[in-house]
Amino acid sequence: MNDGVNGVALAVFIILFLAVTVIGFMASRWRKAENENSLDEWGLGGRSFGTWITWFLLGGDLYTAYTFVAVPAAIYAAGAAGFFAVPYTILIYPLMFVFLPRLWSVSHKHGYVTTSDFVRGRFGSKGLSLAVAVTGILATMPYIALQLVGIQAVLDVMGVGGGEDTNWFVKDLPLLIAFGVLAAYTYSSGLRAPALIAFVKDALIYIVIAVAIIYIPIKLGGFDEIFKTAGDAFSQTNPATGKPRGVLAPGEASQWTYATLALGSALALFMYPHSVTAVLSSRSRDVIRRNSTILPLYSLMLGLLGLLGFMAIAAGVKVTNGQLAIPQLFEDMFPAWFAGVAFAAIGIGALVPAAIMSIAAANLFTRNIYKDFLKPDATPAQETNVSKLVSLLVKVGALVFVLTMDKTVAINFQLLGGIWILQTFPALVGGLFTRWFHRWALLAGWAVGMLYGTLAAYGVASPTQKHFGGSSKEIPGIGEIGYIGLTAFVLNLVVTVVLTFVLKALNAPDGVDETKPSDYTADAGDPGVAVELPPATAAAAH
346 MNDGVNGVAL AVFIILFLAV TVIGFMASRW RKAENENSLD EWGLGGRSFG
396 TWITWFLLGG DLYTAYTFVA VPAAIYAAGA AGFFAVPYTI LIYPLMFVFL
446 PRLWSVSHKH GYVTTSDFVR GRFGSKGLSL AVAVTGILAT MPYIALQLVG
496 IQAVLDVMGV GGGEDTNWFV KDLPLLIAFG VLAAYTYSSG LRAPALIAFV
546 KDALIYIVIA VAIIYIPIKL GGFDEIFKTA GDAFSQTNPA TGKPRGVLAP
596 GEASQWTYAT LALGSALALF MYPHSVTAVL SSRSRDVIRR NSTILPLYSL
646 MLGLLGLLGF MAIAAGVKVT NGQLAIPQLF EDMFPAWFAG VAFAAIGIGA
696 LVPAAIMSIA AANLFTRNIY KDFLKPDATP AQETNVSKLV SLLVKVGALV
746 FVLTMDKTVA INFQLLGGIW ILQTFPALVG GLFTRWFHRW ALLAGWAVGM
796 LYGTLAAYGV ASPTQKHFGG SSKEIPGIGE IGYIGLTAFV LNLVVTVVLT
846 FVLKALNAPD GVDETKPSDY TADAGDPGVA VELPPATAAA AH
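The sequence shown maps to residues 346 to 887 in the numbering used here.
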C-alpha cells in the first residue's frame, strides 16, 4: 500500500463526490410537494417513484458499498464461499414477486409507512409492533456503520488522513466531512436525495465493473492464470488456523453452511426497514413486479464483482485488513484517474444506502415508538421533524461506532443484525397471507429466535475475537454447521405454531385486524389508493 496521497485519484474522487452532493441538495426541489411536512413526502418520496427510479433506488439500497468491498474481500480471504451472496440475491426476487406487492397494496390503502405499522394494524398489537420496530433499528445501525467503513477503506487506500500516529481528528476528518454532507442532504431532501444519487452511483459501478472485468485479466495474463494463482494461494496453510487458507470451490463439509447462509440471507433481505422503505416509495404494484424481474441484473454484476477477489490475489495485493483488498487492487492496476472513478463509485455507493437506512430507522422510531407510545396525537409535521432529527442521531451513532470500535466488530454486528431481522419474517410475511398466527405466539416466537440467535452468535469465536466471531454454528439435532439466523428462524416458527394452537384452544384474545382481504390486492386507482401522489397533493394523501 502506498504511504503517500494519490493526488489524481483524490481529485477525481472529490469532484464526483461534490457532484452528488449538489444532486443531493437539489433533490429537495425535484417534484417538490406543496406541503413537505409528512412522512409520506419526506420519508417515502411522495410514494410516487416509477419503475426505473425504483430499480435504481432498490439497487442502490440493496447493493451497498459494503457489498462491493466485502464480497470480493471474503473471496480474497477464503475463496468461493464468499459467492454465497450471488445465489441469495437470486433467491430473493421470486419471493419479492409474491409478497411485496401485497405489502405495497395494504400499506397504500391504510397509509402505513413502516413494517411495524402493518404488523400493528394486522394483529392489533402494539407490543408486537414495538418488537419489530426495535429489531429493525438494531439491525440497521451496524449496517449504516459499515457504509462508513466502506468510505474509510477508500480514504485509507488513497492515503488521506495520515498514518496511525496522526492526531485522531486529522486522521478521521475526511470521514467526518463525508458524514456531515450525508447528514445535511438527507435532512434536507429525505428519500428523494438517495433516489437521484442512485442514478450516478449505479452508472459508476457498472462502468468500473465492466472495465475491471476486461482490463485487469488482460494485465494479469487471463483468467486461467488468475484462477491458478488463486488456487495455489488458497492451498497454503493459514498459521492462525493450521488449515488451508481457502478453497476455489466449497467442499462437502461446508455445503450446509453455504446453503443455509444463502437461504437465510435471502429470507432476511427484504425484512430490513430500508428495503421496505424503497418498495413503499413506488407508485404501483406493477412497479414492484417489474422490479422483481429486472433486479437480477444486479446479481450478474455481483457475480462479476466477486471475481475481483481472485484478481487481488493474482495481482499480489497484500493487506492486513481484507476490506482494503479491492480498493488497493484498483489503485495498483488502474491509471490514477480511473482509480479515482472506482473509489468514487465505492464512496457514493455508501451514501445511497446509508441515507435510506437512516430514513427507514427514523421512520420506525417516529411511527412505532414516538407516536404509538410517547405522543399519540402527534401531527404529520411533528412526525416529520422527529424523523429528521432521529435520522441525524442514527447516523451519529453509526459514526461513533466506526470511530471507536474495531472494524471487524462492526462487520460481526452486521452479521448479528441479519440474524435478528430474520426473526420478524413470521409476523410480516406470515401476516400478509394469513391471520391464523396468534399475536402473542408471534411475540413469543420472536423472543425465542432473538435469544437463541444472540446467544449462539455470542458463542462463536474467531482467530481475532472470542465472541461474535461469525454467523455459523452447529445446527441442533443435525450436527452440521449452518447459519445461526436460519436455525433461530426455524425455532421461532415452531414456537409460533405450537403456541398459536395452545392460545386458540384457550380462546386468548386475538386482537383487532383493521385490514380486509381486498386491501392486499388493491392497486393504484382503486378506492382509497391514489394513482400517484403528485407534488401539489403529496402531503395531503392519507
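C-beta: ideal position from N, C-alpha, C; glycine also.
In this text the structure is predicted, and so the values were computed from the model without any measurement.
Check: Nearest-angstrom Cα separation, counted from residue 416 out to residue 428; Outcome: 7 Å
Check: Close Cβ partners of residue 394 (< 8 Å) along its chain, the five nearest in sequence each way excluded; Outcome: 402, 540, 626, 627, 628 and 632
Check: Own chain, CB closer than 7 Å to residue 731, minus 5 neighbours either side, in chain order; Outcome: 711 and 715
Check: Exposure of residue 703, with buried meaning 16 or more beta-carbon neighbours within 10 Å; Outcome: buried
Check: Whole-number beta carbon distance between residue 485 and residue 618, since they are thought to touch under 8 Å; Outcome: 6 Å
Check: Min CB distance residue 374 to chain D below 7 Å; Outcome: In the structure shown, chain D cannot be found, because there is only a single protein chain.
Check: Per-residue DSSP class, three states only, for residue 713; Outcome: helix
Check: Opposing strand residues paired with residue 888 [DSSP bridges]; Outcome: Residue numbering for the chain in the displayed model covers 346 to 887; residue 888 lies beyond these limits and cannot be assessed.
Check: Closest residue to residue 467 among 678, 440 and 865 (Cα-Cα distance); Outcome: 865
Check: For residue 828, the first and last residue of its enclosing beta strand (DSSP E); Outcome: 826–828
Check: Cβ-Cβ distance between residue 442 and residue 610 below 7 Å; Outcome: no
Check: Under 7 Å between C-beta atoms of residue 452 and residue 713; Outcome: no
Check: Backbone secondary structure at residue 572 - three-state DSSP; Outcome: helix
Check: Range of the contiguous alpha helix (DSSP H) that encloses residue 610; Outcome: 600–614
Check: Residues sharing a beta bridge with residue 817, DSSP; Outcome: 828
Check: Helix, strand or coil at residue 846 according to DSSP, with G and I counted as helix; Outcome: helix
Check: Residue burial classification, residue 884 (beta-carbon count within 10 angstroms, cutoff 16); Outcome: Low confidence applies here, because residue 884 scores a pLDDT of 36, under 50, leaving its location unreliable; read the following figure in that light. Buried, by the Cβ-count rule.
Check: Own chain, CB closer than 6 Å to residue 783, minus 5 neighbours either side, in chain order; Outcome: 845 and 848
Check: Extent of the continuous alpha helix (DSSP H) to which residue 624 belongs; Outcome: 618–625
Check: Which residues DSSP lists as bridging residue 582, in chain order; Outcome: 589
Check: Residue 628 - containing alpha helix (DSSP H), residue span; Outcome: Note, residue 628: premise wrong, no alpha helix (DSSP H); not H, not E.
Check: Counted within 10 angstroms of its Cβ, other Cβ atoms place residue 881 as buried (16 or more) or exposed; Outcome: Low confidence applies to residue 881: its pLDDT is 40, below 50, so where it sits in the model is not reliable, and the reading given next is rough at best. Exposed, because fewer than 16 other Cβ atoms sit within 10 Å of the Cβ of residue 881.
Check: Contacting residues, own chain, Cβ-Cβ under 8 Å from residue 608 (five flanking each side not counted); Outcome: 433, 436, 828 and 831
Check: Through-space distance from residue 355 to residue 504, alpha-carbon basis; Outcome: 9 Å
Check: Nearest residue (CA-CA) to residue 862, options 850, 822 and 777; Outcome: 777
Check: Per-residue DSSP class, three states only, for residue 655; Outcome: helix
Check: Backbone secondary structure at residue 444 - three-state DSSP; Outcome: helix
Check: Buried versus exposed, by CB contacts within 10 Å (16 or more), residue 803; Outcome: exposed
Check: Beta-bridge pairing of residue 394 - partner residues as DSSP gives them; Outcome: 627
Check: Nearest to residue 601 (by Cα), restricted to the options 426, 701, 805 and 421; Outcome: 426
Check: Chain-order list of residues whose beta-carbon lies under 6 Å from that of residue 759 (same chain, five-residue window excluded); Outcome: 487, 488 and 491
Check: Proximity of residue 431 and residue 644 at Cβ, strictly below 7 Å; Outcome: yes
Check: DSSP three-state assignment for residue 375, whether helix, strand or coil; Outcome: coil
Check: Cβ pair residue 329, residue 410 closer than 7 Å; Outcome: The shown model of the chain, from 346 to 887, leaves out residue 329, and the question about it has no answer.
Check: Alpha carbon of residue 525 to alpha carbon of residue 853, nearest angstrom; Outcome: 50 Å
Check: Start-end ranges of the alpha helix (DSSP H) lying completely within the region 453–514, minimum 4 residues; Outcome: 460–468 and 471–503
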